[in-house]
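S.K.: Below is one structure. I have some questions about it.
Protein chains in written order, with this note's numbering: chain A, 20 to 355; chain B, 1459 to 2026.
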């Protein structure tokens, strides 16, 4: 890499951080419990809006995984979710009425908080509909993974976003607060992912899954990116660039091996396609606060009208992480 | 009764270390503890105070600074071992362990095991030439160069200095009488051997030498033991596995059964928060004494597999954490598959016939411009692959590698031709797993059978011929790794059964069975004339070979069975 590229990326990183600092002014602290955080604890960062129904299970899942402290940015919820979060003993909550879109889809707010609180901690950055799966997650807490990553001098850990869906229409079974969404939507696409490499930021760009084959067949290039790097040993100088797909400095994006080996990697079970989805898609369409003029949501709204089912004969039903490992969606790498 | 004494080196996870020390003491072993100077004094004092009640059996030795790969570890071991030998005169074997070591079998078993082998030193000790354990590409050189810089913290300086020494051909002199050996740093030595090493009149020379050797804790005792021991068992009683970067594998709760069945005495390294392992192995259950030999075979295999997964991976798999620039052995895909070009054009029921003869999964034209012709013309296929052509053509190579990966265990075959999307063509030739059978020129048959204007046919024929010609040149290039067979159409129709037999034999890998049934060939009556007409229009179809003008091509007759007369 030439020093010019290197310098250009450095400037870009600085710019993102400056921007985050500026957007951070929009945040209003609702409940700050960050003084509870001890060195070495694992933190989770999340932005949300009107997701109250998902919160209890989300918190339970990540507490069981071993997350020690939660950071939430509430972007103007009016469904009581913010009040629920404020009462949780391990949650720090900020709220803002600012524009989600002009805050780089919430990333500026999170970057601001991460700069301030996450330095030196392993941080997990996820959405409320994403559930992190890593090798041995049924027998080992996430701290086992982060300790191992530390001892291997690895700073970032990749996890592909795996879209989960129900059999039958999405609206068939209503999601109940506090229940495991996996019970409703246990199906996924096992082997239709398309990968290319992003030469600028060095990350892999992965597309595919049910969304690509159902909503983006005519313009596959526009299909949503599924590559994510949600788990990072944070340093104040880092910043996510586009959602959690990639980071700067770009060395953090090298979560894959190029010599034929496999690095350890995980999965984010993406529980977007529950009965709540239809309403969400319409709402987000109206707000226009999402990526590329909410084109993704437009495609869903169109797609859901005439083809309400994502399930097909070759859909795979989720069992456990070992199944995903055998299918080649994630890998243990050399962790045993 | 304390025939076994333990030296424990601790630098972190003090609560666990304390637990383990108590366990050793309870088993009747005196313990000398060394705590790294990097540990803050408050932590050390608290740790010492916690073990105050065990004063008689637990001693703390002089503290050294133990940076990885430096002399401090050896100095710490020397001091602690000396202390153990002088303070506890009835110790016969000294066991070197770390704070992250966990005894797996009752201490009593270890003692009786060692009682049965009173003169044996258990220390892994091998000459550098014979073992492949090298980190950073240094094996013998770790004994002949100087290493003033820390590998972990001053990596650049370290590497630079090594290169400099290599360039000027600098070599240190190894003290007389020493033959460098290396091995696991966790050993169990007898008092005789250990005291001989520690009281050697030349120890100053040796120490001075080893102070500048790289990772002396893996070579100091391993080398010197060769001078004094009468009976070396070159293996460690501590189960300790290293991965490809030379860092120890860690044991977790889910390794419980494996560890139990391994019959090893001590395991390293255990994750400090592996509650179940500590609870299980440090409990005082009165287990019946076993005299079993340690047998870490199964654990070895698991860790060896993990290293393979990291370094070799699963060939033909492309995923978020495996993205090879260049596949090993020129295999693009995961498993062998077959490509047929020109067969469906000549036979009416070729796909069905092939599936029956070879038991493979036979697809139609997977790269058909309109849609993916999966077997059975399904809308979706294994792995939820879509039959959408745009999606396929977006990343055709991923389409192919996905298909082959998704169906591993079942052989795939598909049709291909110049009328298909061509982006995949060069990749097929490059793949060692591809087996390509071509009947060149057969693309003309559908044109011949079609009901189109001849002018259109002529244009289309020229286009297809150009495409196929490029493709054939590709396949014939020396860069091609696929297994390729090409017949001209004329050669093929001359003896179709022979070719089909070859195809089936090569696909199934056997050649015992004779084909009993042939697929139905299309009627080629007038095909020669058709080609001649193309020629007359100035478009020379040359890929078919020499096709006779006159109906040399009668539709193949079904074999008529010979009449037999059966007499009684």
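Ideal Cβ positions, reconstructed from N, Cα and C, are used throughout, including at glycine.
Is there a Cβ of chain B sitting closer than 7 Å to that of residue 142 (chain A), yes or no?
M.R.: Sequence index remark: in the first chain, residue 142 (chain A) carries index 123 (1-based). For residue 142 (chain A), no CB of chain B lies under 7 Å from its own CB, so it is not counted at the interface with that chain.
S.K.: Please identify, using Cβ separations under 7 Å, the residues of the region 1838 to 1859 of chain B that lie next to chain A, in order along the chain.
M.R.: Residues of the region 1838 to 1859 of chain B whose Cβ lies closer than 7 Å to any Cβ of chain A, in chain order: 1838, 1839, 1840, 1841, 1842, 1843, 1844, 1846, 1848, 1849, 1852, 1853 and 1856.
S.K.: Quick one: is the Cβ of residue 1509 (chain B) within less than 6 Å of any heavy atom of the ligand NAP?
M.R.: Ligands in the displayed structure: none, and consequently the ligand NAP is not present.
S.K.: Are residue 2001 (chain B) and residue 1875 (chain B) touching if we call contact CB-CB under 7 Å?
M.R.: Here residue 2001 (chain B) refers to the residue found at position 543 of the second chain. Here residue 1875 (chain B) refers to the residue found at position 417 of the second chain. No. Outside cutoff.
S.K.: In chain order, what residues of the same chain lie with their CB nearer than 7 Å to the CB of residue 351 (chain A), ignoring the 5 residues before and after it?
M.R.: To locate residue 351 (chain A), count along the first chain from 1; it is residue 332. So the list reads 154, 283 and 344, once near-sequence residues are dropped.
S.K.: Should residue 1661 (chain B) go down as buried or exposed, given a rule of 16 or more other Cβ atoms within 10 Å for buried?
M.R.: As a working mapping, residue 1661 (chain B) is identified with position 203 in the second chain. Its Cβ having fewer than 16 others within 10 Å, residue 1661 (chain B) is exposed.
S.K.: Taking the alpha carbon of residue 1797 (chain B) as the reference point, which residue from B:1550, B:1889 and B:1719 has its own alpha carbon closest?
M.R.: Your numbering for residue 1797 (chain B) matches position 339 in the second chain. For the options B:1550, B:1889 and B:1719, the alpha carbon positioned closest to that of residue 1797 (chain B) is the one of B:1889.
S.K.: What are the start and end residues of the beta strand (DSSP E) that includes residue 1494 (chain B)?
M.R.: The sequence position of residue 1494 (chain B) within the second chain is 36, counting from 1. Judged by DSSP secondary structure, residue 1494 (chain B) falls outside any beta strand (DSSP E); it is assigned neither H nor E.
S.K.: Give the straight-line distance between the Cα atoms of residue 1955 (chain B) and residue 156 (chain A), rounded to the nearest whole angstrom.
M.R.: Counting from one through the second chain, the residue named residue 1955 (chain B) turns up at place 497. Counting from one through the first chain, the residue named residue 156 (chain A) turns up at place 137. The C-alpha of residue 1955 (chain B) lies about 56 Å from the C-alpha of residue 156 (chain A).
S.K.: Could you tell me the alpha carbon to alpha carbon distance between residue 1749 (chain B) and residue 1478 (chain B), rounded to whole angstroms?
M.R.: On the second chain, residue 1749 (chain B) is found 291 positions in, with the first residue counted as 1. On the second chain, residue 1478 (chain B) is found 20 positions in, with the first residue counted as 1. Approximately 22 Å, taken between the alpha carbons.
S.K.: Just by C-beta distance, which residues in the region 1707 to 1728 of chain B are closer than 8 Å to chain A?
M.R.: 1707, 1708, 1710, 1711 and 1712
S.K.: Quick one: measure Cβ to Cβ for residue 1461 (chain B) and residue 1549 (chain B), integer angstroms, because I've assumed they're closer than 8 Å.
M.R.: Locating residue 1461 (chain B) in the second chain gives position 3, where the first residue counts as 1. Locating residue 1549 (chain B) in the second chain gives position 91, where the first residue counts as 1. The Cβ separation is near 7 Å, so the contact holds.
S.K.: Can you give the Cα-Cα distance for residue 346 (chain A) and residue 37 (chain A), rounded to whole angstroms?
M.R.: Numbered from its first residue, the first chain carries residue 346 (chain A) at position 327. Numbered from its first residue, the first chain carries residue 37 (chain A) at position 18. Straight-line Cα distance between these residues: approximately 42 Å.
S.K.: Once you ignore the five residues that flank residue 1977 (chain B) on each side, which residues in its own chain have a CB closer than 6 Å to its CB?
M.R.: On the second chain, position 519 is the one that residue 1977 (chain B) refers to. Beyond the five residues adjoining it in sequence on each side, residue 1977 (chain B) comes within less than 6 Å, by CB distance, of 1805, 1807, 1808 and 1811 in the same chain, given in chain order.
S.K.: Spatial neighbours of residue 1672 (chain B) within its chain, please: C-beta separation below 7 Å, excluding the five flanking residues on both sides.
M.R.: Along the second chain, one-based indexing puts residue 1672 (chain B) at 214. Within the same chain, residue 1672 (chain B) has close Cβ partners 1527, 1596, 1600 and 1605.
S.K.: Grouping DSSP H, G and I as helix and E and B as strand, with all else coil, what is residue 28 (chain A)?
M.R.: Indexing the first chain from 1 puts residue 28 (chain A) at position 9. Residue state, collapsed to three classes: helix.
S.K.: To the nearest angstrom, how far is the alpha carbon of residue 1685 (chain B) from that of residue 88 (chain A)?
M.R.: Taking the first residue of the second chain as 1, we reach residue 1685 (chain B) at position 227. Taking the first residue of the first chain as 1, we reach residue 88 (chain A) at position 69. Residue 1685 (chain B) and residue 88 (chain A): Cα-Cα distance of roughly 57 Å.
S.K.: Does residue 1761 (chain B) come within less than 7 Å of chain A when only Cβ atoms are used?
M.R.: Along the second chain, one-based indexing puts residue 1761 (chain B) at 303. True, the Cβ-Cβ gap to chain A drops below 7 Å.
S.K.: Is residue 1775 (chain B) close to chain A? Criterion is C-beta to C-beta, closer than 7 Å.
M.R.: Position 317 of the second chain, counted from the start, is the residue given in the question as residue 1775 (chain B). By this cut-off, residue 1775 (chain B) is an interface position.
S.K.: Distance, Cα to Cα, residue 1780 (chain B) vs residue 1734 (chain B)?
M.R.: Your numbering for residue 1780 (chain B) matches position 322 in the second chain. Your numbering for residue 1734 (chain B) matches position 276 in the second chain. Looking at the two C-alpha atoms, the distance is approximately 33 Å.
S.K.: Would residue 1791 (chain B) pass as a contact of residue 280 (chain A) if the rule is Cβ separation under 7 Å?
M.R.: Locating residue 1791 (chain B) in the second chain gives position 333, counting from the first residue. Locating residue 280 (chain A) in the first chain gives position 261, counting from the first residue. The answer is no: Cβ separation not under 7 Å.
S.K.: Could you tell me which residues DSSP puts in a beta bridge with residue 143 (chain A)?
M.R.: Your numbering for residue 143 (chain A) matches position 124 in the first chain. The partner list for residue 143 (chain A) (beta bridge, DSSP) reads A:63 and A:250.
S.K.: Going by DSSP, what residue range makes up the alpha helix (DSSP H) through residue 1541 (chain B)?
M.R.: Taking the second chain and counting its residues from 1, one reaches residue 1541 (chain B) at position 83. 1530 to 1545 is the span of the alpha helix (DSSP H), which, as asked, contains residue 1541 (chain B).
S.K.: If residue 1795 (chain B) and residue 1892 (chain B) are in contact, beta carbons under 8 Å, what's the gap, nearest whole angstrom?
M.R.: Stepping through the second chain from its first residue, residue 1795 (chain B) is reached at position 337. Stepping through the second chain from its first residue, residue 1892 (chain B) is reached at position 434. 6 Å between Cβ atoms; contact.
S.K.: Taking the alpha-carbon positions, what's the residue 183 (chain A) to residue 1714 (chain B) distance?
M.R.: As a first step, residue 183 (chain A) is located in the first chain; it is residue number 164 there, counting from the start. As a first step, residue 1714 (chain B) is located in the second chain; it is residue number 256 there, counting from the start. Rounded to whole angstroms, residue 183 (chain A) to residue 1714 (chain B) spans 33 Å at the Cα level.
S.K.: Buried or exposed for residue 291 (chain A), going by 16 or more other Cβ atoms inside 10 Å?
M.R.: In the first chain, the residue the question calls residue 291 (chain A) occupies position 272. When all chains shown are included, residue 291 (chain A) counts as buried.
S.K.: Using a C-beta to C-beta distance shorter than 9 Å, which residues of chain A count as neighbours of residue 2005 (chain B)?
M.R.: Here the question's residue 2005 (chain B) lines up with position 547 in the second chain. Within 9 Å Cβ-Cβ: nothing; residue 2005 (chain B) doesn't reach chain A, min ~42 Å.
S.K.: Which same chain residues end up closer than 8 Å to residue 1847 (chain B) when comparing Cβ atoms and leaving out the 5 residues on each side of it in sequence?
M.R.: One-based indexing of the second chain puts residue 1847 (chain B) at position 389. Only 1826, 1827, 1828, 1829, 1830 and 1879 meet the Cβ criterion.
S.K.: Taking any Cβ of chain B, which residues in the region 265 to 277 of chain A have a Cβ under 8 Å from it, in chain order?
M.R.: Within the region 265 to 277 of chain A, the qualifying residues are 274, 275, 276 and 277.
S.K.: Using a beta-carbon distance below 7 Å, is residue 183 (chain A) in contact with chain B?
M.R.: One-based indexing of the first chain puts residue 183 (chain A) at position 164. Residue 183 (chain A) does not count as touching chain B.
S.K.: Using a Cβ-Cβ distance under 7 Å, would residue 65 (chain A) count as near chain B?
M.R.: Counting from one through the first chain, the residue named residue 65 (chain A) turns up at place 46. Not closer than 7 Å to any Cβ of chain B, the Cβ of residue 65 (chain A) fails to qualify, so no.
S.K.: Do you know offhand how far residue 1705 (chain B)'s Cα is from residue 61 (chain A)'s?
M.R.: What you label residue 1705 (chain B) is simply residue 247 of the second chain in a count that begins at 1. What you label residue 61 (chain A) is simply residue 42 of the first chain in a count that begins at 1. Each residue's CA atom was taken as its position, placing residue 1705 (chain B) and residue 61 (chain A) some 24 Å apart.
S.K.: Indicate whether the contact test is met: 3 or more Cβ pairs, each with one atom in the region 1630 to 1650 of chain B and one in the region 1571 to 1589 of chain B, closer than 8 Å.
M.R.: Here the region 1630 to 1650 of chain B lies against the region 1571 to 1589 of chain B, with 3 or more beta-carbon pairs under 8 Å apart.
S.K.: Which residues share a DSSP beta bridge with residue 1735 (chain B)?
M.R.: Residue mapping note: residue 1735 (chain B) aligns to position 277 of the second chain, counting from 1. According to DSSP, which records beta bridges pairwise, residue 1735 (chain B) is partnered with nothing at all.
S.K.: Just verifying my parser: in three-state terms, what is the DSSP assignment at residue 118 (chain A)?
M.R.: Residue mapping note: residue 118 (chain A) aligns to position 99 of the first chain, counting from 1. Here residue 118 (chain A) sits in coil by DSSP.
S.K.: Check this for me: beta carbons of residue 1531 (chain B) and residue 1490 (chain B), under 7 Å apart or not?
M.R.: Reading the second chain from its first residue, position 73 is the one you call residue 1531 (chain B). Reading the second chain from its first residue, position 32 is the one you call residue 1490 (chain B). No. Outside cutoff.
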